[in-house]
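Okay, so here's the structure we're looking at.
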Amino acid sequence: MLLTETFDEQYWIIAFRKGNDHALSHFFELHYRSLCYFAGRLLQDDMEAEEVVSDCFYKLWERHQDFETAQNIKAFLYISCRNACLNHLKKTKRKTAIQQEYIKHLEEGEETIFYEVIETEILTILSQEIEGLPDKCREVFKLIYLENRKTDEIAAMLGLSVQTVRNHKTRAIELLKTSFLKKGVSAAMTLAFLLFIDR
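Position 12, counted from 1, in the sequence shown is what my numbering calls 29; the numbers after and before it change by one each time, with no gaps.
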């Protein structure tokens, strides 16, 4: 972690512990979208997910003096969110097979939460970065990795040669990796991205 990032983190955590509402806004902006995605995958209802996440931030704020580090805040939010989602689903009699499987994984404990957080964050960052790619690179990347289309199929769809499609794919991956490095994305999240594109 860079010195300036360490200073920023210390500034925000001190302000948060003092009850500064700007610090609450800082952590809200940092984690809200990822938490909504995390809760939404389990609850399969965006409005319910937003309510759960908002309640988690309310609980966080009630205990603002208890947190020593930004990592403590992040862990509290994700664990609170997981527990709230599990409690909600236990009260709901109708659950899909996907939800049942997700509940099983989440009930396995903290290690599962760690991997869920990495996956959630990598997908959130990835979706933002994909939109910043040049038009053809973005189109090819989405068709390959989000729609599972084959290279020759994409070439026929877009009226391009197979080699051109491969070139756009390679360029998209390089641009995304470069962007991740510039943003200081963690080694674990970069590994998750590399596994994603290597599947």
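Backbone N, C-alpha and C define an ideal beta-carbon position, used for all residues, glycine too. Quick caveat: nothing in here was measured; it's all calculated off a predicted structure.
Rounded Cβ spacing between residue i and residue j (contact assumed at less than 8 angstroms)
{"i": "His81", "j": "Phe45", "result": "Contact flag wrong, Cβ pair sits at about 12 angstroms."}
{"i": "His43", "j": "Lys91", "result": "Actually they do not touch by this definition, with Cβ atoms about 12 angstroms apart."}
{"i": "Phe158", "j": "Tyr95", "result": "Not quite, the Cβ-Cβ distance comes to about 28 angstroms (not below 8 angstroms), so this is no contact."}
{"i": "Leu193", "j": "Glu146", "result": "5 angstroms"}
{"i": "Phe74", "j": "Phe84", "result": "No, Phe74 and Phe84 are not in contact; Cβ-Cβ is about 13 angstroms, not under 8 angstroms."}
Residue burial classification, residue i (beta-carbon count within 10 angstroms, cutoff 16)
{"i": "Tyr28", "result": "exposed"}
{"i": "Ser178", "result": "exposed"}
{"i": "His185", "result": "buried"}
{"i": "Cys154", "result": "buried"}
{"i": "Leu163", "result": "exposed"}
{"i": "Gly57", "result": "buried"}
{"i": "Met18", "result": "Here the model assigns Met18 a pLDDT of 42, short of 50, so the residue's position is not dependable, and the following value carries that caveat. Met18 should be labelled exposed."}
Beta-carbon spacing of residue i, residue j below 8 angstroms
{"i": "Leu52", "j": "Cys102", "result": "no"}
{"i": "Ile161", "j": "Ala87", "result": "no"}
{"i": "Ala172", "j": "Val182", "result": "yes"}
{"i": "Ile106", "j": "Leu59", "result": "According to the sequence provided, residue 106 is Leu. The question's Ile does not apply to it. Yes. Within cutoff."}
Among the options, the one whose alpha carbon lies nearest that of residue i
{"i": "Asn104", "options": "Gln145, Glu65, Leu163, Ile161", "result": "Glu65"}
{"i": "Glu191", "options": "Val179, Met174, Asn89, Pro151", "result": "Pro151"}
{"i": "Lys35", "options": "Thr168, Gln61, Trp78", "result": "Trp78"}
{"i": "Asp62", "options": "Phe197, Asp169, Ala40, Thr109", "result": "Thr109"}
{"i": "Leu41", "options": "Thr168, Thr187, Lys76, Ile142", "result": "Lys76"}
{"i": "Phe197", "options": "Lys167, Thr168, Gly149", "result": "Gly149"}
{"i": "Leu143", "options": "Glu67, Thr195, Val70, Asn165", "result": "Thr195"}
{"i": "Glu26", "options": "Asn89, Val70, Ser71, Asp72", "result": "Asn89"}
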